[in-house]
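Visitor: Dropping the structure in here first, questions after.
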Amino acid sequence: MYLYGIGVKENCDNALFCLSEASARGSLYAKANLIYFYYRRKMFTNVCYLASRMVTCDNFVTTSECIQTFQYRAMSMACFLYALCLKSGKGVQKDELLADQLFSKFFFTNNNNNNNNNNNNNNNS
């Protein structure tokens, strides 16, 4: 909320605190937003460190479809932001091959998630 100024005044300090606390408790979506926070602040080393750890982790909790959707969305954000850093060499050594792989992983994750949502909407009709 503080990161985007939704319902409250935009506040970077509070956003950093809240996102750090939530990601420390295991929220992948908060961790992805923390990565985005660092990217907006041009803290590319932090972006690469967190995103690389998140991209290589596969511990999705599949308790409910809503949670799974947010986890896929978080993974997409992390892949995309890490790929941007790799492509331009910001915060990490430039690696266009890995960046292209992450962009395709981002697309696949995003596309797969959209297909699941469309199938669920068709089943509810």
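All the letters of the sequence shown, read from the start, carry residue numbers 333 to 457 under the numbering used here.
We put the beta carbon where it would ideally sit given N, CA and C, even for glycine.
Using 8 Å as the threshold, is the C-beta distance between Lys426 and Leu418 below it?
Guide: Contact flag set, yes.
Visitor: Contact defined as beta carbons within less than 8 Å: I believe Lys363 pairs with Ala406. What is the distance between those atoms, to the nearest angstrom?
Guide: Contact holds; Cβ gap of about 7 Å.
Visitor: In three-state DSSP terms, what is Glu342?
Guide: Glu342 falls in the coil class under three-state DSSP.
Visitor: If you run the structure through DSSP and keep just helix, strand and coil, what is Met409?
Guide: Reduced to three states, the DSSP call for Met409 is helix.
Visitor: By Cβ distance, which residues of its chain are closer than 7 Å to Ala354, with the 5 residues on each side in sequence left out?
Guide: Correct list, in chain order: Ala362.
Visitor: Compute the Euclidean distance between the alpha carbons of Met333 and Asp345, then round it to the nearest angstrom.
Guide: Their Cα atoms are separated by approximately 12 Å.
Visitor: I'd like to know whether the C-beta atoms of Leu335 and Tyr371 end up nearer to each other than 8 Å.
Guide: Cβ atoms of Leu335 and Tyr371: not closer than 8 Å.
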